[in-house]
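Visitor:
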Amino acid sequence: MAFTTKAADAPVRRAHWRESKRFGNTFKLTLSYIVLTFGAFLLIIPFIWMVTTSIKGPVAVMQFPPLWIPGVQFEPLWENYPTALLQDHAPFGIFFRNTFVITALAMAGQIISSAVVAFSFARLRWKGREFVFFIVLATIMLPQQVTLVPQFILFRNLGWINTFLPLIVPFWLGVGNAFFIFLLRQFFMRVPLDYDDAARIDGAGTFQIFWRIVMPLSLPALGTVAIFSFINHWNEFFHALIYLNEISKYNLALGLTQFRGFTRYEISAWNLLMAASLTALVPVLLVFFFAQRYFIQGIVISGVKG
Amino acid sequence: MSVAGRALKTFVDLGIGSRTRRENLEGWLWASPWIIGFVIFTAGPMVASVYLSLTDYPLLQGPTFNGIDNYKQLFTDELILQSLKVTTIYSFVSIPLHLVIGFLIALLLNQRVRGLSMWRVVYYLPAVVSGVAVAFLWQWILNADFGLANWLLSLIGIDGPSWLIDPNWALSALIVMSLWGVGGGMLIYLAGLQGIPTSLYEAAEIDGANFWQKFWIITIPMMSPVLFFLLVIGIIGALQTFTQAYIITNGGPDDATLFFMLHLYRNAFQYLKMGYAAAMAWVLFAYIMILTLLVFRSSSLWVYYEGDFKGRG
Chain A
8 MAFTTKAADA
18 PVRRAHWRES
28 KRFGNTFKLT
38 LSYIVLTFGA
48 FLLIIPFIWM
58 VTTSIKGPVA
68 VMQFPPLWIP
78 GVQFEPLWEN
88 YPTALLQDHA
98 PFGIFFRNTF
108 VITALAMAGQ
118 IISSAVVAFS
128 FARLRWKGRE
138 FVFFIVLATI
148 MLPQQVTLVP
158 QFILFRNLGW
168 INTFLPLIVP
178 FWLGVGNAFF
188 IFLLRQFFMR
198 VPLDYDDAAR
208 IDGAGTFQIF
218 WRIVMPLSLP
228 ALGTVAIFSF
238 INHWNEFFHA
248 LIYLNEISKY
258 NLALGLTQFR
268 GFTRYEISAW
278 NLLMAASLTA
288 LVPVLLVFFF
298 AQRYFIQGIV
308 ISGVKG
Chain B
114 MSVAGRALKT
124 FVDLGIGSRT
134 RRENLEGWLW
144 ASPWIIGFVI
154 FTAGPMVASV
164 YLSLTDYPLL
174 QGPTFNGIDN
184 YKQLFTDELI
194 LQSLKVTTIY
204 SFVSIPLHLV
214 IGFLIALLLN
224 QRVRGLSMWR
234 VVYYLPAVVS
244 GVAVAFLWQW
254 ILNADFGLAN
264 WLLSLIGIDG
274 PSWLIDPNWA
284 LSALIVMSLW
294 GVGGGMLIYL
304 AGLQGIPTSL
314 YEAAEIDGAN
324 FWQKFWIITI
334 PMMSPVLFFL
344 LVIGIIGALQ
354 TFTQAYIITN
364 GGPDDATLFF
374 MLHLYRNAFQ
384 YLKMGYAAAM
394 AWVLFAYIMI
404 LTLLVFRSSS
414 LWVYYEGDFK
424 GRG
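Heads up: the sequence lines are chains A and B, in that order.
The opening residue of the first sequence carries number 8 in the numbering used here; numbering runs sequentially from there.
The opening residue of the second sequence carries number 114 in the numbering used here; numbering runs sequentially from there.
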């Protein structure tokens, strides 16, 4: 008897349960939105702070509590940008050009060599392939500091100090590419092998298969590689610091340190420093906004497979 | 078989059979950009680094062999101990914070919130920007008198510390700064959470599991591989921290932010003690390897892989 009552009650209890669950969900969701909004506020306010500081005058910068609304609380000084960027001791235009050249050439090398090598691991059959691939993966874990000193001595002996070569050439030869090789290999393997066979029957060589079939079908993965590569090279600091020692050769990251001169001890020109820093970030921000898809995709592949 | 033995065998095998020989040659040829680069820029320098670490090598004069003197000196160098301490504290505090906060945000975003792509952009954006420009931004945010950080604290009635100029607070300041990039891990978690089959949760609900039971019995085990991945990446990254320390505090005040990499950089490129710096690099290498190995070894206890029966016990 007890058994049947229980069964008869079930739909009612289920409805109650759903009702309370729905209420609980609404409450939980509202709370989540509040927490998320608060977190987003904390993450975004530094950017707003950077922008407002960059257009403040020297007096407005040193106001506490800070002023937030340009045009109302303080006069926006757009001249800060030309003032910051056109200084004799820190030629921003040259830094920008240098960074552009280094980034473009290093990126090209990184994309091409990663794709070629990944193709070899994904589509060609050769003795030792698994073993070499294992070493590629092992280098992801290898901290680069161990090779730092000998590499420096190598480049010094080659006469490459104060040239862009140490920041470009290694990337044509696979240094730091292990992760990209891994990512592209995973993607290349999804292209059906039948395509290769069909192309071979039509007389296509390995290069044509690579260039005409696998590459065009892997554009999203190549996009992900391109974007991460861009960000890495655009922000490169440590190697630039070691290898570039004339101001005319500096990249942006290194060039920005020239601006520190006027803030290090006598804190005064934060507005100019923020104007210069923000300008250096603009290309990265633009790339991020226009290519989010590729970021997310790269993260997903790396995280889930890793 | 040893690495050298395997490589030798591979080269011998290359000569057998003409069709496979062509295929083998082609494979090696396509992989050669990486292989050549590996020999020139990684394997070669690693071997050289072992030798250099056993020499006294002022850059302008060349190396002279001095045995394990560098390593002996390392253990008596107080700055080495200080830099190891700074780097360790930074890693052991910032990595767990990153892991936990990133996970919490991902959990919030995973409950079918509206505008997911917008939230993702907002939370991920600070993780994309990095380097010198960001270091300057944070130097200004953490300014004791006019900075954003102390303004936010003053809103809730807290009189903020002097952050970067107080030896007791400088390292905490850099940890706070690192948390700005917490969104990087969040994205990876989110991808992992979305990969958990909903059937697992449905089955648990039928069995009467409540929120916390589902969380501990399904979410945590299913996410453990992601956690493991982020932990390893986090260790490697945190132990090599350099730019923030170099730009913002330059190791100070009172060596309170003397990170290991900063100390290594100074020895190599300011004091030009190449041999000593090479020995330091091996110490860092050993440290990273030991920590990573511990994580790998312990992983069988806490990382669950689907389709792996170790985790099913």
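For glycine and all other residues, C-beta sits at the position ideal for the given N, C-alpha and C.
Since the structure is predicted, the reported quantities are computational estimates derived from the model, not experimental observations.
1) Taking Cβ to Cβ, would you say alanine 185 of chain A is nearer than 8 Å to isoleucine 147 of chain A?
2) I think valine 79 of chain A touches proline 146 of chain B, with their Cβ atoms under 8 Å apart; what is that distance to the nearest whole Å?
3) Considering only the beta carbon of each residue, do glutamine 259 of chain A and phenylalanine 102 of chain A sit closer than 8 Å?
4) On the DSSP letters alone, give me the boundaries of the alpha helix (DSSP H) that arginine 267 of chain A sits inside.
5) Using the Cα positions of glycine 273 of chain B and alanine 113 of chain A, report the straight-line distance between them to the nearest angstrom.
6) Compute the distance between the beta-carbons of phenylalanine 328 of chain B and valine 416 of chain B, then report whether it is under 8 Å.
7) Between lysine 256 of chain A and chain B, is there a C-beta pair that is closer than 8 Å?
8) Rounded to whole angstroms, what is the Cα-Cα separation between tyrosine 418 of chain B and asparagine 223 of chain B?
9) Using the rule of at least 16 other Cβ atoms within 10 Å of the residue's Cβ for burial, across every protein chain shown, is methionine 387 of chain B buried or exposed?
10) Checking 8 Å against the spacing of the C-beta atoms, do serine 236 of chain A and glutamine 117 of chain A come in under that value?
11) Could you tell me whether the Cβ of valine 123 of chain A comes closer than 8 Å to any Cβ of chain B?
12) Restricting to Cα atoms, I'd like to know which of B/Gly298, B/Arg134, B/Asp258 is closest to glycine 215 of chain B.
13) Three or more C-beta pairs closer than 8 Å, one from the stretch 312-330 of chain B and one from the stretch 402-409 of chain B: is that the case here?
14) Compare the C-beta of serine 120 of chain A against all C-beta atoms of chain B and say whether one is closer than 8 Å.
15) Rounded to a whole number of angstroms, what is the C-alpha to C-alpha distance between methionine 281 of chain A and alanine 97 of chain A?
16) Would you say the beta carbon of leucine 284 of chain B comes nearer than 7 Å to a heavy atom of the ligand FMN?
17) How would you write the range of the alpha helix (DSSP H) that methionine 148 of chain A sits in, first residue to last?
18) Using a 10 Å radius around the Cβ and a threshold of 16 neighbouring Cβ atoms, would you call phenylalanine 302 of chain A buried or exposed?
19) Comparing alpha-carbon positions, which option in A/Ile55, A/Tyr40, A/Asn87 lies nearest proline 73 of chain A?
20) Quick test of your reading: leucine 3 of chain A and valine 232 of chain A, contact by CB under 8 Å. State the CB separation rounded to the nearest angstrom.
21) Taking Cβ-Cβ distances shorter than 8 Å, what residues in chain A pair up with asparagine 183 of chain B?
22) DSSP puts aspartate 169 of chain B in a beta bridge; with which residues?
23) So for proline 98 of chain A, helix, strand or coil by DSSP?
24) At 3 residues or longer, and completely inside the stretch 360-385 of chain B: list those beta strand (DSSP E) runs for me, N to C.
25) Please check if any C-beta of chain B sits within less than 8 Å of the C-beta of glycine 166 of chain A.
26) What is the DSSP secondary structure of leucine 343 of chain B, counted as helix, strand or coil?
27) Using a Cβ cut-off of 8 Å (strictly closer), state whether arginine 233 of chain B contacts chain A.
28) Which residues mark the beginning and the end of the alpha helix (DSSP H) in which proline 73 of chain A is found?
29) Could you check the C-alpha separation between asparagine 105 of chain A and isoleucine 148 of chain B for me, to the nearest Å?
30) Give a yes or no on whether the minimum CB-CB distance between asparagine 242 of chain A and chain B is below 8 Å.
31) Pop quiz: arginine 130 of chain A and valine 58 of chain A are said to be a contact at Cβ under 8 Å. What is the actual Cβ separation, rounded to whole angstroms?
32) In its own chain, which residues sit with a C-beta less than 6 Å from the C-beta of leucine 300 of chain B, not counting the 5 before and 5 after it?
33) Is there a C-beta anywhere in chain A that falls below 8 Å from the one on serine 243 of chain B?
34) To the nearest angstrom, report how far apart glycine 157 of chain B and valine 182 of chain A are at their CA atoms.
35) Tyrosine 203 of chain B: buried (16+ other C-beta within 10 angstroms of its C-beta) or exposed?
36) In chain order, what residues of the same chain lie with their CB nearer than 7 Å to the CB of valine 345 of chain B, ignoring the 5 residues before and after it?
Guide: Reading it off the structure:
1) yes
2) Going by Cβ atoms, the distance from valine 79 of chain A to proline 146 of chain B rounds to 58 Å, so no, they are not a contact pair.
3) Going by the sequence as given, residue 259 of chain A is leucine instead of glutamine. A contact, by the Cβ cut-off of 8 Å.
4) Looking at the DSSP string, arginine 267 of chain A is not in any alpha helix (DSSP H), and its letter there is neither H nor E.
5) 43 Å
6) no
7) no
8) 21 Å
9) buried
10) yes
11) yes
12) B/Gly298
13) no
14) yes
15) 14 Å
16) The ligand FMN is not part of the structure shown, which contains no ligands of any sort.
17) Here methionine 148 of chain A belongs to no alpha helix (DSSP H), and DSSP marks it neither H nor E.
18) buried
19) A/Ile55
20) The first residue shown for chain A is 8 and the last is 313, placing residue 3 of chain A beyond what the model contains.
21) None at all; the shortest Cβ gap to chain A is about 12 Å.
22) B/Thr177
23) strand
24) none
25) no
26) helix
27) yes
28) That residue, proline 73 of chain A, is in no alpha helix (DSSP H); it is neither H nor E in DSSP.
29) 29 Å
30) yes
31) Not quite, the Cβ-Cβ distance comes to about 48 Å (not below 8 Å), so this is no contact.
32) Tyr237
33) yes
34) 13 Å
35) buried
36) Thr405, Val408
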